[in-house]
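A short worksheet on the structure shown next.
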Amino acid sequence: MILLQANNVSRRFADQTLYQEVNFSIQDRDRIALIGRNGTGKSTLIKQIMNEEPINDGAFSRAKGLKIGYLEQHVALHSTQSIWDEMMSVFSESLTLRQEAIQASQAVADLADQGQFDSPAYQEAIQRYDQVQLALEEKNVYQIESDVRTVLHGFGFKPEDYQTPVNSLSGGQKTRLALAQILLKDYDLLVLDEPTNHLDVATLTWLEQYLLSYKGALLIVSHDRYFLDRVVNQVFEMRHHRLHLYKGNYSDYIVEKEARLEKEMKEYLKQQTQIHKLEDFIKRNIVRASTTKRAQSRRKQLEKMDRIEKPKQDAKAPRIQFTSGKESGERVLDVEDLSIGYQAHQPLAQAIQLELKKQDAIAIVGPNGVGKTTLLKTLLHQLPLLQGTFKWGTNVSIGYYDQNVNQLDESRTVLETLWQAHDTTDEWQIRSILGSFLFSGDTVDKKVSMLSGGEKARLALALLATEHDNTLLLDEPTNHLDLDSKEVLEEALIEYDGTLLFVSHDRYFINRIATQVIEISPEGSTLYLGDYDYYLAKKAEMEAFNQEPDATDQKSLSHHESSPNDYEVNKRIRSDYKKLQASVEAAWARSEAIDQAITNLHEEMAQAAQENDQNRLLDLDQALKQKQEAAQEAIDHWEEAALALEDFLERYPHLAP
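Numbered according to the numbering used here, the sequence shown spans residues 12 to 668.
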């Protein structure tokens, strides 16, 4: 079923065309990525879909009753309610219906107790009960709490957080909560603008799995290539004022786009060769009497030819190059038993161990709030260390990229920013460097405060590239960059002859750049000697090890080999974990079984009411009350078991799935 269709849609501003002749359709269960360079019109097209932007030409066709949800980038949830109440407010209609069902059932039971089976009031109560039951059948109202818990857990909110007021949360938590809430709503088409921004790896993985089973269609704007490879099955690219459609995920799109351009260029060149031959023949033969007619025939052939437009290449990408001015020593950084954070009695992470050698490229990963950025700032002496030591090696010169580009002076122009950092360099050279980062013409005179996020990122990278440091500390360097700029940055860092230590949530970027991955947790750190895929594989091996008691030759999760005593301890820990896990699963299964029993009782009561079987109705009503009490007890038991498991996993985070 087609949910939404665009027919020759265009958007112009004055005499400038942003895009034109846009045609596409979105069907049930489609998973579509909308990509394109910054400024090509992705956000404008989405606003047109949401009726928030005018259409110059064409139109959209929508399925009758189409429900579209839209989550803009950086939107945070604001509410005076608790987390739980705010999430449950999504289901206010269903909760009201559920309460009405209880009241309708009670009304029937009360009248039956009074023996008023033939009264008008009883018939009205039966009719109302039937109406409510019919409405209940259309909504899965007994899964609401379960669905809310699942989504909150996926976004890192624990049961003990549920009563926290939304307005007391951090900005990042409010943004995650806004995404969690929109996922709970029942939309036919869900439009998400950069949903993966600032999510940690664990949450990203959960979100991917959730979206794969999402029952509606998805239209996603994202620069996260790893995410797009996992989730989407179509790619819409806005390029050269047109929308180009591709089947498959992001990797498929790259291959197909290259193949299309190659084919189009071959067809264009073939026709150009044919045109040149015809033009040459006409030129040589038009003036000769014996061949004039043939030349005129060729001219008509040339005039009737449908000219193939020369395929347009992508707009120029920035040219980034990092070089080190002098070599560092072999040992770049040694970190021993480091604790980081803002309060000595409550560190974000502790027992961090790291040895950084020349030309290493190490990615720092871990959950949000564990202190990845704090670690970089501690190593730069911007924050005091809480415990432990770190030492930089000989001849190490450090360049730092701040994800918030706070190193830029908002009052300066683009030109002044780079020139004042290198005031002995000629202006033409500064302009040339800025040009390679796509700052040219009047843009070099723009104030930094007027730049977009992507422009600020490119300017910060330009500053970094001109320092020629032999060690770079990068905090989320791909944030704000479009896909092409990310790829250029990756190539530059791959070619860089210095040392890299970086924080990133961009798993595709980590895979291309990292030679090692260090995972930070509140209890310590673990080093993985490979890229992101290797890190995932080793994590899976560790999980398998925890489930295989006889795997004594595997390494423990610390930086040391396991001893026989360690093995016995780990064996006991794994046993406790399995028991807790089984307890949670059993409690959940019991809750599900009771919910199903309640559903069955409602159906039986509806049948009994239709058959006017009063005795049966009374028995069922009593059974329903008992099951409803049992349902609440089962939920309480599940929450207790889940909380115990979460506490256990906080003590032993390596066991977390």
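We put the beta carbon where it would ideally sit given N, CA and C, even for glycine.
Coil, strand or helix - residue i by DSSP
i, result
"A17", "strand"
"K323", "coil"
"A652", "helix"
"K566", "Note on K566: pLDDT 41, under 50, position unreliable in the model; no value is reported."
"G465", "helix"
"N34", "strand"
"A44", "strand"
"E314", "helix"
"F401", "strand"
"R423", "coil"
"Q364", "strand"
"I79", "strand"
"V177", "helix"
"R22", "strand"
"K550", "helix"
Reference residue i, options the options, closest by Cα
i, options, result
"I231", "L313, G80, L538, W439", "G80"
"K226", "Q38, R423, E498", "Q38"
"V425", "T435, L474, I409, E149", "L474"
"E251", "G465, W430, E320", "Here residue 251 turns out to be His, not Glu, going by the sequence shown. Selected option, being the one with the closest Cα: E320."
"W95", "V152, L188, D291, R73", "L188"
"E267", "E290, E248, Q282", "E248"
"N611", "F659, V595, E148", "E148"
"K638", "L511, I609, E278", "I609"
"Y264", "E314, S54, V246, V346", "V246"
"V212", "T175, Y237, F556", "Y237"
Span separating the alpha-carbon of residue i from that of residue j
i, j, result
"H287", "M316", "13 Å"
"V159", "K58", "29 Å"
"G336", "N406", "11 Å"
"A146", "V459", "57 Å"
"T14", "R42", "The question names Thr, yet the displayed sequence has Leu at residue 14. Cα to Cα, the separation comes out at about 13 Å."
"G76", "N244", "25 Å"
"E487", "K636", "55 Å"
"W439", "V416", "25 Å"
"D632", "A112", "12 Å"
"D199", "L163", "22 Å"
"A17", "S224", "26 Å"
"S90", "Q418", "34 Å"
"R627", "L122", "14 Å"
"A372", "Y519", "15 Å"
"F35", "L656", "47 Å"
"L591", "E171", "18 Å"
"T389", "K457", "33 Å"
"E498", "H392", "31 Å"
"S532", "T214", "15 Å"
"E219", "N208", "13 Å"
Residue i: first and last residue of the uninterrupted alpha helix (DSSP H) it sits in
i, result
"H164", "155–165"
"M98", "94–99"
"S447", "438–447"
"T284", "261–296"
"G183", "182–195"
"Q117", "103–124"
"R139", "131–149"
"A223", "Here the sequence assigns Leu to residue 223, which means Ala is not the residue at that position. It spans 212–223 - the alpha helix (DSSP H) in which L223 sits, taken as one unbroken run."
"V242", "236–242"
"S54", "53–60"
"Y519", "518–524"
Host beta strand (DSSP E) of residue i (start-end)
i, result
"R253", "253–258"
"R342", "342–351"
"F71", "68–73"
"R250", "245–250"
"L390", "It is not in any beta strand (DSSP E) - L390 instead sits in the alpha helix (DSSP H) that spans 383–390."
Beta-carbon proximity list for residue i, same chain, < 6 Å, skipping 5 on both sides
i, result
"H234", "L494"
"T334", "H479"
"S569", "For S569, the predicted structure reports a pLDDT of 41, less than 50, and the residue's modelled location is therefore unreliable. A value from the coordinates is still provided. None."
"A70", "N18"
"T28", "H252"
"L629", "A123"
"L203", "L82, I231"
"W217", "G165"
Residues of its chain near residue i, where Cβ-Cβ distance is below 8 Å and the 5 sequence neighbours each way are ignored
i, result
"S350", "P358, A360, Q361, A362, I363, L396, L397, Q398, G399"
"V177", "L88, H89, S90, T91, Q92, S93, I94, E97, K185, L188"
"Q370", "D508, G509, T510"
"A634", "L612"
Cβ neighbours of residue i in the same chain (closer than 7 Å, five flanking residues each side left out)
i, result
"H648", "A598"
"L504", "F333, L511, I524"
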